[in-house]
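Colleague:
Residue numbers (the UniProt record's numbering), protein chains in the order written: chain A, 1 to 317; chain Z, 1 to 317; chain D, 1 to 317; chain S, 1 to 317; chain H, 1 to 317; chain F, 1 to 317.
(1) With a threshold of 8 Å, are at least 3 pairs of Cβ atoms found where one atom belongs to the segment 14-28 of chain H and the other to the segment 264-271 of chain H?
(2) Put residue 132(H) into one of helix, strand or coil per three-state DSSP.
(3) Would you verify that the beta carbon of residue 280(F) is, or is not, closer than 8 Å to some beta carbon of chain D?
(4) Along the alpha helix (DSSP H) that carries residue 175(D), what are the first and last residues, could you check?
(5) Looking at chain F, is there any beta carbon in it that lies within less than 8 Å of the beta carbon of residue 67(H)?
(6) Mind checking which residues open and close the beta strand (DSSP E) that includes residue 68(H)?
(7) What first and last residue would you give for the alpha helix (DSSP H) that runs through residue 276(A)?
(8) Looking only at its chain, what residues have a beta carbon closer than 7 Å to the beta carbon of residue 81(Z), apart from the 5 residues adjacent to it on each side?
(9) With 8 Å as the C-beta to C-beta threshold (strictly closer), list the residues of the segment 66-86 of chain D near chain A in chain order.
(10) Listed from N- to C-terminal order along the chain, which residues in the segment 93-105 of chain H have their beta-carbon within a distance smaller than 8 Å of any beta-carbon of chain A?
(11) Can you name the residues of chain Z whose CB is closer than 9 Å to the CB of residue 26(D)?
(12) Below 7 Å CB to CB, which residues in the same chain sit around residue 288(D) once its five sequence neighbours on both sides are set aside?
(13) Whole angstroms are fine: how far does the CA of residue 212(H) sit from the CA of residue 225(H)?
(14) Against chain S, with Cβ distances strictly below 8 Å, would residue 58(H) count as a contact?
(15) Considering Cα atoms alone, identify which of 164(F), 126(F) and 48(F) is closest to residue 154(F).
(16) Among 3(D), 19(D), 24(D) and 72(D), which residue has its Cα nearest to the Cα of residue 31(D)?
(17) I'd like the span of the alpha helix (DSSP H) that includes residue 262(Z), first residue to last.
(18) Could you run through the segment 13-45 of chain F and flag, in chain order, every residue whose CB is less than 8 Å away from some CB of chain S?
(19) Select from 76(S), 97(S), 9(S) and 4(S) the residue whose C-alpha is nearest the C-alpha of residue 316(H).
(20) If we ignore side chains and look at the alpha-carbon of each, how far apart do residue 221(H) and residue 183(H) end up?
(21) At a CB-CB cut-off below 9 Å, which residues of chain D make contact with residue 168(Z)?
(22) Compile a chain-ordered list of the residues in the segment 251-272 of chain A whose CB is closer than 9 Å to at least one CB of chain S.
(23) Can the beta-carbon of residue 124(D) be found less than 8 Å from the beta-carbon of residue 91(D)?
(24) How is residue 195(S) classed by DSSP in three states: helix, strand or coil?
(25) Name the chain F residues whose beta carbon is nearer than 8 Å to that of residue 283(Z)?
(26) Does DSSP classify residue 85(Z) as helix, strand or coil?
(27) Starting from residue 145(F), find everything on chain S with Cβ-Cβ shorter than 9 Å and list it in chain order.
(28) In the DSSP assignment, the alpha helix (DSSP H) including residue 148(D) goes from what residue to what residue?
(29) With the cut-off set at 8 Å, would you say residue 190(S) and residue 227(S) are in Cβ contact?
(30) Look at the alpha carbon of residue 216(H) and the alpha carbon of residue 186(H), and state the distance between them as a whole number of angstroms.
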């Protein structure tokens, strides 16, 4: 039985090596990446048994994705589908002023047809925390219903619900996202949201402290975490706001930083830490993630502890 | 102005290195591959100016495909589209008894919406030969109409029409293919078809000589070429059947062998060779292709001549 | 709960690419390989839930091994150790007349200290089959006792015991192996042994049919399988001998072929097949394994079925 | 018909991966690079149809170079030669304090024998701009005459002549360069020159503004651009000097930065921009180039616009 | 006859590419690395004929190590052993806050049994300088005796003895190191030590100047060099302390920086430089090393001169 | 002091991976290759101390070549030159019917200016055997004189002279080769020549036995070896002809097979073997070479013994 159950799509990520361009690529590095499995992995690395639920095509590509997630240690409980594609995305790394490029190729995927009744809802209701993100309902109208049903089932089973807003402008328009996601808010206990999304999608104003406070008060969340990219995060809980600065990093890959943060935050809360402590570990995990290629936070608890206690390690031999 | 104009889809091909499995792949080799561009490239390598027509997404992936085709020397004349995906396919190499695996991911591509009126039909009508394959009408109902229209336009402009039957069971059922493609036969001058397809899709019986003869007589083609995989080919022309054995090869990649054959056959016919000579060059080009990784026949005229004249070269220094 | 539980060491395998030499290698390909986990994976791929038991160092290298085994789909139940090395082996591929080279570096490993009481013996006793090989007792005197204890525990729990003789001359002398392993024979139900080992280690004479018969009669095994390398296998069961020829293969990697055979044999027996049918599937799985780089049989049940029914597949698209 | 025609040598560039040393390299990355084709590609990426003229050996190496340039989208019009080598250069990347190393291996190349009469001079005279650099006349005495003839032909056909001074100390001595190149100045409309070259080769003094002014006045150019490495550029036109600062970049490869600048400057001038605007786009294109491995500016017009308008993009998804 | 003879272990280093993690590595880059051979190579690159003494297994792995050292130009004089492993170490690169990770796998190596009498002691006594480090006696008790014997033999032959303290906490405890190494001090002429080791292992206090002075006075060394990581070094000689700042570097690999420093320091002293000049060259060599992947300082004398004279080179072509 | 001294050019070899084409290569594998150093390495691997003499550019490329030869264990004694290129060659692997392609780029190399007086002729005269090939005098007229002088010096110092005819049609015409090389014959003791060269260059007729006999009688050689490619060799000595069949091989790389043969033949003769035994070892070494990528025979004496005694090894573990 897992303490954390997450639900969402995981894609095959295809990236040219280094900072080469898609336009002339002669090879792609391949890895699995998706917000909900990234979060499950990060939480698992911090000692929380975690399971990822999804619907995946019964093809070598689908098995490729599930195999990698198992390699990273989490449990997977997937509906194998004979219809629908495996979602992919193309990712091109780049420094300033080019900026990384993402091309989604995730239409008509197996998961886009996933209905709540296809999953073993006991797994969700027996978990301590259920987690999904704003990406899932953006993928299809079926998934909007499924997301709502699963959040509802979780709540009714006494499971805490956590949700990362994760607005993706390449998937839907801000107003459509706003309408869809705010409808889900009453069923959510813990909201994680980027300050940028709070402003541009939900129309809130103010600094991250103010955003956290306004969101928490207006929607009756238990906890709200507002992330500020490379500048740390703010947590609102019991009407109190806590700030956490980011750690200095030599960034290798930004992708998955937010998921590492969220997974670690949930994990430490499940271990019983208070919000400020959980924010500290979450920020440390996010900093470590940035030094690691790929989508997932391949960290150990000891490494996170070391960053929290001393800001990171030197070459040790 | 090109002597040969071809029309069809070219995909991005993604292959794990060597004979590794998709299920555990951590990198993909990337190249462009599609029957119609493969044919144009092979013909071009044998000295026939060739152009490939297509509809391609205006994305780095679409530009990736077009760039590679230009690198191989042909002209490209594409409709750039802001809708529709870039088709891809996953290819896993394997020896006996595993057998290579192909997974198509080519639904909802840009080309599936291509209409004849989007192309500069003068290019087709000013060419000496227009070529497409049975894959194109298999991709969408729109493309069935488009293929028919373009063959018709070519014929009405005095352009010879050549067509490779190329049945793909992962795209459509045999009876659907049979109904669709035989309707196109009256507009086709030169048919290339695998003996296997003549039997299992069109229901003909007999050895390749008989298949060629029956097809030629029944449908009033100018020329029919029946290919026999690694055992050579048979050509029917002016009611005479010509046989050509295959050359011995150290096979590195089978994919594209038929296209190399067809491109070279068309090229040599355009150079004025008779059918038996063209079959000989076509078979030699196919043999060379099998020694080359990827989809396309990166050969030179000199190399083909050398195979025809002496069966191939030794290490020369 | 797993139907098959295996116990043994899995090493990190380090190989120069292609057929390059260790002596000048500038990179190593890395994968996990060990007879007992290879067998578990092959059985799992054929539909039998399988678990691998072992003792592994609590280091990135130990986690590397376990992660890869999980990726391949099996369950792992390992004792994490703070003492002892991760075993490695260097493997150099080569064609004739060079021959592949293996250099073991597996002294003082974590597993060499593994005692039966460190493992949850219920897992063994609740399984339908318990499997280990002659490599395990070759690794340390502690492991000789552990192997004996675990076979005994399995038997007493009603679990069928299967054992691959797997003599490794780089680990011990023939007479030492003979003395140690024949002492284990009374606790073994199913013996798999190479004809070569039956001759040079156990001193039997005759063709594989005779070897199987003599072994089966003399030691009161339930089933004996004598393998003949690339020439198939012979099975002895209920005093009847069954022969199975090998399938033709384009061999990419011989290592793990025997384990693929054994895993598939056990799996099909667990599915209820009789010995001749299980030998057929085992031989087909071994043939597929030879087309796959690395130690493990990354096959699917469908692929094995296809080899059994038609001798393997052609390029299909 | 191309708006921009360039003439010069393009070499095969051989580089050890990352920052490895030539002295121990076991592999080389291969790409095509040459100032004049780099400029054509950059201009073409910014929407100006461009053609590169050259003389190239009729070998796989010569075809390799031409194929890559075609892949990047430009037209190539080359004299295929049966005599003379393909020029190569070895490039070793390095950070401070090592500094990148270039070893030229470009003696006795095919292009070193190129005479003006070998080229279709109409292509030059029908272009809007003809471009070459100070590297071309440094390669052989034949090429000194050829460069002079082609500039003269361009001018007489009403084509604007643009010239990048590009002094290369590994090709010739400063005084030889100074004597040769200043003789060409009367035939040049637009001069691009590094401040360093203006000082050490031509003996001018002062800051870049002063250098631009002195050069412009003394030699009666239409336009002079003085580049200042990573500190931007200065443009002199109609007796007015315009300054442009450089954009901040995460530099991956400096080589080709100047060519990206020049190609973009010419392209924007051809689109009708005034000098300050063209300098802005040129600087933005140069900044993007620095994020891209290899010699050429694989950019899109949209990317350049985004840098000009907002200083570059963040990760967008 | 070599001017510098060094003695110690050289390992095979196995590193995942880039900043990937050991835990998921699918390939390792392989190189040879060991403090004493690194020092010999650096000195040799600066023009001092150098020889490395060691005991190495007579296996492809041992030959791999020796071959690479010969490639880098030094002489090797090794005792080939049929017992004992080749030492390896796993190295994971990482930026802040992760920090590089080293896992030693160097127990039971061939060298751990090396006795002084196995070596041709004339080689040591005929050298001008004999060098080893604090790593050697940390490897086995046999090597403690061997190190002492060789230092003694060197001294008695009139050879200057140089020693890098090189404390490795993964090999032994500080107090054990302190007791062992200070016993060797009377036989050492030139000590190189990190400020950190002087403090945490030897218990000295103060800034590097003070550390150098205290060490020099207390133990009667001829010369003491205290290194300060990326902040340069301090040299004490004839009771005078000299400071040298570090050069700015774009660091690619820190490993081997200290050895590059030490090798260059010894080389320049052997060329007759005074201590401040030798420190300058040593610091320049260390700075160059940081730009080079792997363990060894693949530099040329010209490059070092250029850093000393001008702080490093720009792209030159 | 070396028993074998060889003299000749060693090139940098650049090859696309696998069987890819030069025309589209994006990377080259790099290694050193030259007949005379290949022979020295093969002899050295079989236990004969060997030295290679040459003239090499004082550049990273020249040092790259020398470093690799040292890595393979031989001594190098080179004249470092500040003029002249490092010779390179491009090699494209291919199976039937394509055939491997070699493109030489070895004009104006440093070695082409090498004069006998630049070398320490004592090294030649103190060796037991001096070896060079017909490639050396093909490289320049200076080298024709140098080759003659060195053979003469060797003879006058009592050193046995061995010579591989090695005709290269890409370097010179048959008649030019014939005139030049037969003039050297009186100074040669041991001639190795391919049957093909004996026929097409020297105009002899007959089977290899006859060729050996005719050559031996006509030119008064001590020993003549006629090689028959993959069909073994024939040795003539003391008017007796000995035949040796080739071993069966899985060929990975043909290049360097002849040099492996010759190096081993010389080595075994120096060890005191008679001609038939030396032919057997030479053929075994050549067979092993064919399993090894690159130009050189990275074999061990044990491996050669094993092929001679048992025809090669199986996987051993």
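Beta carbons: idealized from backbone N, C-alpha and C, even for Gly.
Bear in mind that the values here come from a model prediction, so they are computed numbers and not experimental data.
Modeller: Short version:
(1) The segment 14-28 of chain H is not in contact with the segment 264-271 of chain H.
(2) Locating residue 132(H) in the fifth chain gives position 132, where the first residue counts as 1. The answer is strand: DSSP assigns residue 132(H) an E or B state.
(3) What you label residue 280(F) is simply residue 280 of the sixth chain in a count that begins at 1. Closer than 8 Å: no.
(4) Mapped onto the third chain, residue 175(D) falls at position 175. Its alpha helix (DSSP H) spans residues 174-184.
(5) As a working note, residue 67(H) is residue 67 in the fifth chain. At least one chain F Cβ lies under 8 Å of residue 67(H).
(6) Locating residue 68(H) in the fifth chain gives position 68, where the first residue counts as 1. Element bounds for residue 68(H): not the beta strand (DSSP E) but the alpha helix (DSSP H), 60-71.
(7) The residue you call residue 276(A) lines up with position 276 of the first chain. For residue 276(A), the enclosing alpha helix (DSSP H) stretches over residues 275-289.
(8) Residue numbering aside, residue 81(Z) sits at position 81 when the second chain is read from its first letter. Excluding sequence neighbours, residue 81(Z) sits near 55, 56, 57, 58 and 110.
(9) Only 67, 68, 70, 71, 72 and 73 from the segment 66-86 of chain D bring a Cβ to less than 8 Å from some Cβ of chain A.
(10) Legend: CB atoms of the segment 93-105 of chain H lying less than 8 Å from CB atoms of chain A belong to residues 94, 95, 96, 97, 98, 99, 100, 101, 102 and 104.
(11) What you label residue 26(D) is simply residue 26 of the third chain in a count that begins at 1. Near residue 26(D) there are no residues of chain Z at all, since even the closest Cβ is about 17 Å away, more than 9 Å.
(12) On the third chain, position 288 is the one that residue 288(D) refers to. Residues 297, 299, 303, 304 and 307 of the same chain have their beta carbon placed closer than 7 Å to that of residue 288(D), with the five preceding and five following residues left out of the count.
(13) Taking the first residue of the fifth chain as position 1, residue 225(H) is located at position 225. Taking the first residue of the fifth chain as position 1, residue 212(H) is located at position 212. Take the alpha-carbon of residue 225(H) and the one of residue 212(H): they are about 7 Å apart.
(14) Mapped onto the fifth chain, residue 58(H) falls at position 58. Under the 8 Å criterion on CB atoms, residue 58(H) is classed as non-interfacial with respect to chain S.
(15) Sequence index remark: in the sixth chain, residue 154(F) carries index 154 (1-based). For residue 154(F), the closest C-alpha among the options 164(F), 126(F) and 48(F) is that of 126(F).
(16) One-based indexing of the third chain puts residue 31(D) at position 31. Per the Cα distances, 72(D).
(17) One-based indexing of the second chain puts residue 262(Z) at position 262. Unbroken alpha helix (DSSP H) run through residue 262(Z): 257-270.
(18) Within the segment 13-45 of chain F, the qualifying residues are 14, 21, 22, 23, 24, 25, 26, 27, 28, 29, 30 and 31.
(19) Looking up residue 316(H) in the fifth chain gives position 316. Considering only alpha carbons, the answer is 97(S).
(20) Here residue 221(H) corresponds to residue number 221 of the fifth chain, with the count starting at 1. Here residue 183(H) corresponds to residue number 183 of the fifth chain, with the count starting at 1. Near 13 Å, if we compare the C-alpha coordinates of residue 183(H) and residue 221(H).
(21) As a working mapping, residue 168(Z) is identified with position 168 in the second chain. The answer, in chain order, is 317.
(22) Per Cβ criterion, the list reads 254 and 255.
(23) One-based indexing of the third chain puts residue 124(D) at position 124. One-based indexing of the third chain puts residue 91(D) at position 91. Residue 124(D) is not a Cβ neighbour of residue 91(D), given a cutoff of 8 Å.
(24) Sequence index remark: in the fourth chain, residue 195(S) carries index 195 (1-based). In this structure, residue 195(S) counts as helix in the three-state DSSP scheme.
(25) Within the second chain, residue 283(Z) is the residue found at index 283, counting from 1. Neighbours of residue 283(Z) in chain F, taken as residues at a C-beta separation under 8 Å, are lacking, since the least C-beta distance is about 11 Å.
(26) On the second chain, position 85 is the one that residue 85(Z) refers to. In the structure shown, residue 85(Z) adopts extended strand secondary structure according to DSSP, grouped into three states.
(27) Counting from 1 along the sixth chain, the entry for residue 145(F) is found at position 145. Neighbours of residue 145(F) on chain S: none; closest Cβ ~23 Å, over 9 Å.
(28) Residue numbering aside, residue 148(D) sits at position 148 when the third chain is read from its first letter. Note, residue 148(D): alpha helix (DSSP H), 141-156.
(29) Working through the fourth chain from its first residue, we reach residue 190(S) at position 190. Working through the fourth chain from its first residue, we reach residue 227(S) at position 227. No.
(30) By 1-based counting over the fifth chain, the position of residue 216(H) is 216. By 1-based counting over the fifth chain, the position of residue 186(H) is 186. Their Cα atoms are separated by approximately 11 Å.
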